[in-house]
Amino acid sequence: QELGLSDTPITALPESLGQLASLQELGLSDTPITALPESLGQLKSLRALYLSDTQITALPESLGQLTSLKELYLSRTQITALPAWIGALPALQKLDLAGLTLPALPRSLALRGLPFVDDDKNFIFIRDREVNLHNVTLTEQELSVFLETPELISSLYKDQVQVPECRVIFLGDGDSGKTYTIRRIQNGGKKESEENPYPTKETPGVEIADWHVIRDGGDLDLHFWDFGGQEILHSMHRCFLTDQTCYVVTVKSRETKGTNRARYWLRNIRAFAPNSPILLYVNCWENDNGRRCIDEPQLLDDFKDLNIVNVVYVSAKEAEDTDFSEKLMKPLIDMAAASEGCRRTVNRRWVEVRNAIARESRPVDGKGRHYLTRERYHEICQEAGVEDENAPALLTYFNALGVCFSYHRDEEDNELNNYKLLNPVWLTNAVYAIIEEGMAHAQEGRISLASIQQMLGHQEPDSLIVRDAAGREIVKSYRRTMPGLVYQKRECQYVIDVAAARNLCYREADGTLFFPALCTNNTPAEALENPEDYPQHIEYLLQYEYLPDSVVHQLIIRCRKADLTVNHCWLRGMILGSMDAHKAIVRMDGDEGLRIEVWSKPDRPAYELFELLRREILQVNKSLNLNARELIVDGRSQLPVEDLLPAARDKAYVYCGGKKILAEKLLGQFYENWTIQFMRVEENGVITVPILPRTFHARSKDNQNLRKALYKAYNGYCPYCGKPIPEMQDMQVDHILPQEYVELPELSEYVSYLDQRGFDVKKPDYVENYFPSHRDCNGKKSNHVDPYALLFWHQFAASRAPTVLRLIETYKKANKE
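Listed below in structure tokens is the structure:
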């Protein structure tokens, strides 16, 4: 019934394998197999086929006859297209496509009704029905559509048309010649003249320009996005760096650190759009050859995981027309024509909506508004024949295209009643103005809404008076992306809503706004001193290949939202405290390290604050698609945590700070012993830690607010079986750890851990101990067979508890109103 060949060196299967009439599971993962025999189609009893991490390039047609196949795992294979019959497999319930590059998903699969998910398999609940699209690339479809509603997926396949257009984002430092280059491209590659000069000033924020390309293989519409090089605004720019986009990384040849600057921007792309095509463009100053500017072989080797399609050297200012056209414009057109964006096929009605949004949110000659209301957007959808229920989901697709920028869902993924579709240039211009002008109005990063309204409500000044690091007044020239633009008071609120939603700012209780980017760049003296009244001290380093300043900015805001006491902030760090028991300093260590130091009183372990901090950092890393190597620091010693974990489990000693110490004891300064037992190192080097409850929130399981919150927090699904619960009244609330199970010997250590934190085994009525459940799952207790499964479910419920508690408060407030 089961044949497990995974992790063996087997290279081929015999045709006779098809005679195993009773075979139910066949495991071939992590083998060098390149093809499957046609006879596998005879395995009428086969329920699960594991092919992940093999060299298989295609599935034989005979597999379409596997009428009992429920689970098919194809992740990280060499398969480049899915057959049409895959969605017609009558019993198929689970399909893993993680890591594949495909032109499109077949219609049969898309309309099958299986939920599409993006799962990295870290702390998920095991679903019985799913198609996993983690790290999947679709070259002819927009991947984000498949993570939306089934109705939207279905409508994608109706009345399809090809849309030969894409975004081309120019990235590079200020004064690298991006704007000048774009203008010359738009003018057919001709040199500038006295009658037609090209701009040379640095672009503030972002500008968008269109270019229609007439070519034999079919015309293209390219949309150039010209990002300014101001580093302080890079966190805003990343809101728009997405796949389905082409990138031009621009480096000027007179830049002595050209390789490092190219590396900086390539790391940006790797973090936010790793599958996109890239053109590396060296703008040669005074027509030199530019070859000394960058170390091309080293860059191509360091970023071989990226799709760098070409490296070009040409002078935007001095090159002759033919030379400029051949060396830059032709490679750029070829890259765009071959890109996913220009091969995309979508529903014709979506194109009509997209064109209407672009038309109405980009005023002509200063007339009109730079945004659309929710009501107007729904009207446009109705006029184009797009169903009303698909309108919110379709915005995800339009955001990815750069047509608009909208924040239309809250933290619980509910559609907001009142949202706007904003012109990206209009939005970025406002944020740029706040950051530039706000430095003169902010106090320790805090600025009033009235000040923002004042800044955006008048014509931009010719100059600003700001203070340098020594406090001296200096005059700074300044202009906005859209000169003469004035924002009304209500429009300022639209900008703030987006900034808050993207963790660019935080709303204070008194109504003021905190922007980390408006903090001083000076490290406070307090951060350079060791506090004498906190005798215990630990130090930790997260080492990034690339560390943007937005990591610290988002961390500051996440800590404030999590009610961690943030005492002081500056541009690259912060100081935290915790009920006078702990003090912590988090700061950037150069451009690649984030250093955490925690001090604590004798009776309070430092890990109490450290674990909370680290958890927030990992959430920021996940949101920005960044990984970091984790090191424990003691003097000059820096020990990788991934090496300490196996040493701790083997009760081995390590040398740290010139001393010999048990690895388990060293880790124990940063993590509780129970936590260490469940830490593990993932393939990408990230160390995952289970989320263990620290405090328990008592709630009656019959409370209606709790029931509604549980149903909503789990999206109406039963975690145990992964199947939907039709209505809330059909849901039963299950105690994960009821009294009779906490007495199991295998759980004694965990129960002791919980008991120390206030878990009452006699009456375990806590939010952290509840799951929404089907009647059968709750009654049969099939989920309780394995004690370690209980532990897993309890920790997973603890991870969802903050969401449940937030929802309870929301429902309470709504009831009062």
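With my numbering, you'll find the sequence shown wraps up at 1512, consecutive numbering, no jumps. Positions of the beta carbon are idealized from the N, C-alpha and C atoms, including for glycine. As the structure is a computational prediction, the values presented were derived from the model and not from experiment.
Counting along the chain, where does the alpha helix (DSSP H) carrying residue i start and finish?
i: N1124; result: P1119 to G1133
i: Q1451; result: S1443 to Q1451
i: I728; result: Run containing I728: none; DSSP gives neither H nor E here.
i: A1279; result: Taken as a continuous stretch (DSSP letters only), A1279 belongs to no alpha helix (DSSP H), being part of the beta strand (DSSP E) at H1277 to D1284.
i: C1099; result: Premise fails: C1099 is in no alpha helix (DSSP H) and is neither H nor E.
i: V840; result: Per DSSP, V840 belongs to no alpha helix (DSSP H) and is neither H nor E.
i: V826; result: No alpha helix (DSSP H) contains V826, which is instead part of the beta strand (DSSP E) from E825 to N827.
i: Y1514; result: Outside the displayed span of the chain (696 to 1512) sits residue 1514, for which this structure offers no information.
i: L1308; result: Y1302 to S1318
i: L708; result: No alpha helix (DSSP H) holds L708; DSSP gives it neither H nor E.
Within a Cβ cutoff of 8 Å, which residues of the same chain sit near residue i, ignoring the five residues on either side of it in sequence?
i: P1497; result: none
i: R1375; result: L1340, I1382 and T1383
i: E1306; result: F1365, Y1366, E1367, T1370 and V1384
i: P1058; result: R1064 and H1065
i: N817; result: Residue placement at N817 cannot be trusted, given a pLDDT of 42 that sits under 50; what the coordinates show is reported in the next sentence. Closer than 8 Å at the Cβ level, and outside the excluded window around N817, lie E1377 and T1383.
i: M1150; result: A1128, I1129, E1132, G1133 and H1136
i: D823; result: Q788, K789, C1416, G1417 and K1418
From the DSSP output, which residues share a beta bridge with residue i?
i: G699; result: G722
i: C1264; result: M1269
i: Y768; result: Y745 and D791
i: D1513; result: Any question about residue 1513 goes unanswered here, given that the chain covers just 696 to 1512.
i: T832; result: T796
i: D1329; result: S1332
i: Q773; result: Answer by DSSP bridge pairing: none, since Q773 is not bridged.
i: K1354; result: C1351
i: D1429; result: F1466
i: A1323; result: Y1239
i: E1082; result: Looking at the DSSP assignment, E1082 forms no beta bridge with any residue, so it has no partner.
i: C1416; result: Answer by DSSP bridge pairing: none, since C1416 is not bridged.
i: Q857; result: T1040
i: V863; result: F919 and C941
i: L1151; result: None, per the DSSP bridge assignment.
i: Y1461; result: A1393
i: F1209; result: R1141 and Y1201
Leaving out the 5 sequence neighbours to the left and right, which residues in its chain are closer than 6 Å to residue i when beta-carbon positions are compared?
i: H1232; result: W1294
i: P1489; result: Correcting the residue identity first, residue 1489 is His in this sequence and not Pro. Excluding positions up to five away in sequence, the list reads I1431 and L1432.
i: E697; result: E720
i: I1075; result: V1048 and A1051
i: E1337; result: V1376
Starting from residue i, trace the beta strand (DSSP E) both ways and give me its first and last residue.
i: I1291; result: G1288 to S1295
i: T945; result: T940 to K947
i: N1513; result: Here the chain comprises residues numbered 696 to 1512, so residue 1513 is not present and cannot be evaluated.
i: V1336; result: First-last for V1336: V1336 to R1344, but that is the alpha helix (DSSP H), not the beta strand (DSSP E).
i: Q1138; result: Looking at the DSSP string, Q1138 is not in any beta strand (DSSP E), and its letter there is neither H nor E.
i: Q1238; result: Q1231 to Y1239
i: Q760; result: Looking at the DSSP string, Q760 is not in any beta strand (DSSP E), and its letter there is neither H nor E.
i: Q1364; result: Where Q1364 is concerned, there is no enclosing beta strand (DSSP E), given that its DSSP letter is neither H nor E.
i: F1373; result: Element bounds for F1373: not the beta strand (DSSP E) but the alpha helix (DSSP H), N1368 to F1373.
i: Y1189; result: From DSSP, Y1189 is part of no beta strand (DSSP E) but of the alpha helix (DSSP H) over K1184 to A1196.
Using a Cβ-Cβ cut-off of 7 Å (strictly less than) and excluding sequence neighbours within five positions of residue i, which residues of its own chain qualify?
i: R987; result: none
i: I819; result: Confidence is the limiting factor: at I819 the pLDDT is only 38, short of 50, which leaves the residue's position unreliable, though a coordinate-based value still follows. None.
i: A1032; result: G912 and L915
i: N1113; result: R1069
i: A786; result: T762, S763, L764 and K765
At a cut-off of 7 Å, is residue i close to the ligand FMN when judged by its beta-carbon and the heavy atoms of the ligand?
i: T834; result: For the ligand FMN, the structure offers nothing, since it holds no ligand at all.
Enumerated in chain order, which unbroken segments of the beta strand (DSSP E) with a length of 3 residues or greater are wholly contained in the stretch 950–1023? Under the rule that a run must span 3 or more residues, the beta strand (DSSP E) segments found entirely inside the stretch 950–1023 read 972–978 and 1002–1009.
Are the stretch 837–850 and the stretch 1087–1096 in contact at 8 Å, needing three or more beta carbon pairs? Contact between the stretch 837–850 and the stretch 1087–1096 is present, because at least three Cβ pairs lie under 8 Å.
Taking contact to mean at least 3 C-beta pairs separated by less than 8 Å, is the stretch 956–966 in contact with the stretch 1231–1251? Using a C-beta cut-off of 8 Å, the stretch 956–966 makes contact with the stretch 1231–1251, since at least three inter-stretch Cβ pairs fall below that distance.
Within 8 Å, do at least three Cβ pairs link the stretch 1073–1085 to the stretch 1115–1134? Verdict: no, contact absent.
The stretch 1138–1148 in contact with the stretch 913–921 per 3-pair CB rule at 8 Å: Look at the beta carbons and you see the stretch 1138–1148 not touching the stretch 913–921: under three pairs across the two are nearer than 8 Å.
Are the stretch 1406–1416 and the stretch 1494–1509 touching by the rule of at least three beta carbon pairs closer than 8 Å? Contact between the stretch 1406–1416 and the stretch 1494–1509 is established, with three or more Cβ pairs separated by less than 8 Å.
Tell me, please, whether the stretch 1266–1283 touches the stretch 997–1012 by the rule of three or more beta-carbon pairs shorter than 8 Å. Contact annotation: the stretch 1266–1283 does not touch the stretch 997–1012, with fewer than three C-beta pairs closer than 8 Å.
Report yes or no: do three or more beta-carbon pairs, one from the stretch 879–889 and one from the stretch 1009–1027, lie closer than 8 Å? Remark: three or more beta-carbon pairs, one from each stretch, lie closer than 8 Å, so the stretch 879–889 and the stretch 1009–1027 are flagged as touching.
Using 8 Å as the Cβ pair cut-off and three pairs as the minimum, do the stretch 1285–1294 and the stretch 1213–1233 touch? With a cut-off of 8 Å on Cβ pairs, the stretch 1285–1294 is in contact with the stretch 1213–1233, counting three or more such pairs.
Are at least three pairs of beta-carbons, each pair with one atom in the stretch 761–772 and one in the stretch 782–802, less than 8 Å apart? Touching, yes, given that three or more Cβ pairs across the two stretches are closer than 8 Å.
So, do the stretch 1442–1454 and the stretch 1410–1426 have three or more beta carbon pairs nearer to each other than 8 Å? At 8 Å Cβ cutoff, the stretches do not touch.
Count the CB pairs spanning the stretch 1345–1361 and the stretch 1247–1264 that are closer than 8 Å, and state whether there are at least three. No: fewer than three Cβ pairs fall under 8 Å.
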